[in-house]
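J.: What follows is a single structure, and I will ask about it in a moment.
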Amino acid sequence: MAGNYSVTYNVQDNSGNSASEIVRVVIVGDTGAPVIKLSGGQTIQVEAGIAFSDPGYFAEDKIDGDLTADVKVDGSVDTSIVGSYLLTYDVTDSNITCGSSYTKCHCRG
Ligand SMILES: [Ca+2]
55 MAGNYSVTYN VQDNSGNSAS EIVRVVIVGD TGAPVIKLSG GQTIQVEAGI AFSDPGYFAE
115 DKIDGDLTAD VKVDGSVDTS IVGSYLLTYD VTDSNITCGS SYTKCHCRG
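Shown next, in the form of C-alpha cells:
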C-alpha cells in the first residue's frame, strides 16, 4: 500500500552494549499507470448497416484494482457510413496516473 514506512535497526554486542539505533524510511509510491484491456483487440471490423456494439474493456491498476467503471470512451461509430473510426479509452488512477488504449473500427460495406 502506498505510504511512508520506517524500519528500525539495532544490535547489541556480547556485553549488552547497544549500537546507536538507526531508522530507514521507505517511501512506497504509486507510479504505475492503470492498464486497459480491450475485448476484441485494437482493430475490429463491422458490417455497414448493423448497429455497432462495443465488445467491451477492462481497466486494472495495481493499487486501485478494478477501474473499469471509471473508463471514459471517446469517439463513435456510424455504421451508416463506410470508413474507419477511432475510439479512445482513458482512465486515471487515484494518483492521477493515466492509462489509455484505442480501437480502430473499420466499417465496411
Ligand atoms: Ca497506479
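Numbering of the sequence shown is given in the working numbering, commencing with residue 55 and proceeding in unit increments.
Note that beta-carbon positions come from the ideal geometry of N, C-alpha and C, so glycine has one too.
1) Mind checking which residues open and close the beta strand (DSSP E) that includes residue 122?
2) Measure the CB-CB distance between residue 159 and residue 100 and report whether it falls below 8 angstroms.
3) With DSSP run on the structure shown, which of helix, strand or coil describes residue 76?
4) Is residue 153 helix, strand or coil by DSSP?
5) Whose C-beta lies closer than 6 angstroms to the C-beta of residue 131 among residues of the same chain, with five residues either side of it excluded?
T.: Walking through what the data contain:
1) Counting along the chain, residue 122 falls outside any beta strand (DSSP E), and DSSP gives it neither H nor E.
2) yes
3) strand
4) strand
5) 106, 139, 159
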